[in-house]
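Asks:
Residue numbers (our numbering): 17 to 267.
(1) What is the C-beta distance between residue 124 and residue 173, in whole angstroms, given that I count them as a contact (C-beta under 8 Å)?
(2) In the DSSP assignment, find the alpha helix (DSSP H) that holds residue 249 and state where it starts and stops.
(3) On the criterion of 16 or more Cβ atoms from any shown chain inside 10 Å, does residue 104 qualify as buried, or is it exposed?
(4) Nearest-angstrom Cα distance between residue 261 and residue 207?
(5) Excluding five sequence neighbours on each side, which residues of the same chain lie with their C-beta closer than 7 Å to the C-beta of residue 127?
(6) Quick check on the DSSP output: what are the complete alpha helix (DSSP H) runs of length 4 or more inside the segment 166-233, in order along the chain?
(7) Does residue 69 come out as helix, strand or coil in the three-state DSSP assignment?
(8) Quick check: what's the CA-CA separation for residue 189 versus residue 35?
(9) Using the DSSP secondary-structure output, state which residues sit across from residue 137 in a beta bridge.
(10) To the nearest angstrom, how far is the alpha carbon of residue 86 from that of residue 246?
(11) Check whether the segment 234-246 and the segment 213-220 touch, using three or more Cβ-Cβ pairs below 8 Å as the test.
(12) Along the chain, where does the alpha helix (DSSP H) containing residue 259 start, and where does it finish?
(13) In terms of alpha-carbon separation, which member of 183, 153, 224 and 255 lies closest to residue 203?
(14) In whole angstroms, what separates the C-alpha of residue 205 from that of residue 152?
(15) In whole angstroms, what separates the C-alpha of residue 93 from that of residue 250?
(16) From the DSSP output, which residues share a beta bridge with residue 115?
(17) Should the segment 113-121 be regarded as contacting the segment 145-163, the criterion being three or more beta carbon pairs within less than 8 Å?
(18) Between the alpha carbons of residue 8 and residue 267, how many angstroms are there, rounded?
(19) May I ask you to report which of helix, strand or coil DSSP gives residue 237?
(20) What is the DSSP secondary structure of residue 62, reduced to helix, strand or coil?
(21) Alpha carbon to alpha carbon, how far is residue 197 from residue 253? Give it in angstroms, no decimals.
(22) Give the range of the beta strand (DSSP E) segment to which residue 161 is assigned.
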């Protein structure tokens with residue numbers, strides 16, 4: 017696997033299907049947070065366990081702790097399943113219910129999302145028991161409110177059977193923003209910059225405003241991106257500046 021990166025970028029390689037349980041910042045260790053964020057790179061099968069204890073004593077040495085198994089499965093037909101199994105073990109201060117946020121990185125917009133067999137609605141405002149999509153990070157975000165830690169929770173996400181390829185698009189978006197910023201800073205014409213440059217640079221905005229048109233928007237981006245450098249070279253902008261813009265775009 018070979019990739020080129022700008023100096024302000026750094027690669028993070030993650031195993032397909034990897035699950036990263038996390039929480040929001042805790043202000044103290046006196047109580048467990050009711051928020052669980054599960055970051056998933058939903059491209060394969062994976063198993064992990066979430067360990068929890070009181071956090072402010074040594075009762076874990078007396079077996080006062082819990083494990084919660086989490087499993088991700090990606091089927092060949094485009095269905096992704098994330099299962100949070102019933103918690104095992106106990107400690108006095110453990111919470112009984114939690115708010116679960118699942119983030120599926122590097123994903124296309126799904127056809128449907130369900131929680132324990134109940135279809136969730138798309139909602140851009142992150143309301144409880146809904147899902148949405150981030151055009152900035154190509155991430156599906158699923159919000160499950162007050163799930164019982166003693167019960168199995170299953171989230172099923174159905175993706176298109178032939179999804180559009182999003183591999184490398186986030187990197188292109190970042191490089192395009194850097195190139196367009198430099199280009200605009202050297203644009204001394206009273207007229208707007210060429211429309212294709214401006215429109216292509218608004219990929220995440222277009223996705224966030226028109227999620228139902230995701231595939232067409234992304235296909236437009238992939239077809240227009242290779243043309244941006246040539247369009248820049250045909251403007252009045254200094255050739256050295258354009259050369260640097262093209263360098264960014266071609267990495």
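Each residue gets a CB set at the ideal place from its N, CA and C atoms; glycine is no exception. Small disclaimer: the values here were computed from a predicted structure and weren't measured.
Replies: So, from the listed chains and residues:
(1) Contact flag wrong, Cβ pair sits at about 10 Å.
(2) 244-249
(3) exposed
(4) 20 Å
(5) 174, 175 and 176
(6) 185-201, 211-216 and 219-225
(7) coil
(8) 25 Å
(9) 146
(10) 48 Å
(11) yes
(12) 255-265
(13) 255
(14) 30 Å
(15) 46 Å
(16) 51
(17) yes
(18) Lying outside 17 to 267, the shown extent of the chain, residue 8 is not represented and no answer is given.
(19) helix
(20) strand
(21) 13 Å
(22) 155-164
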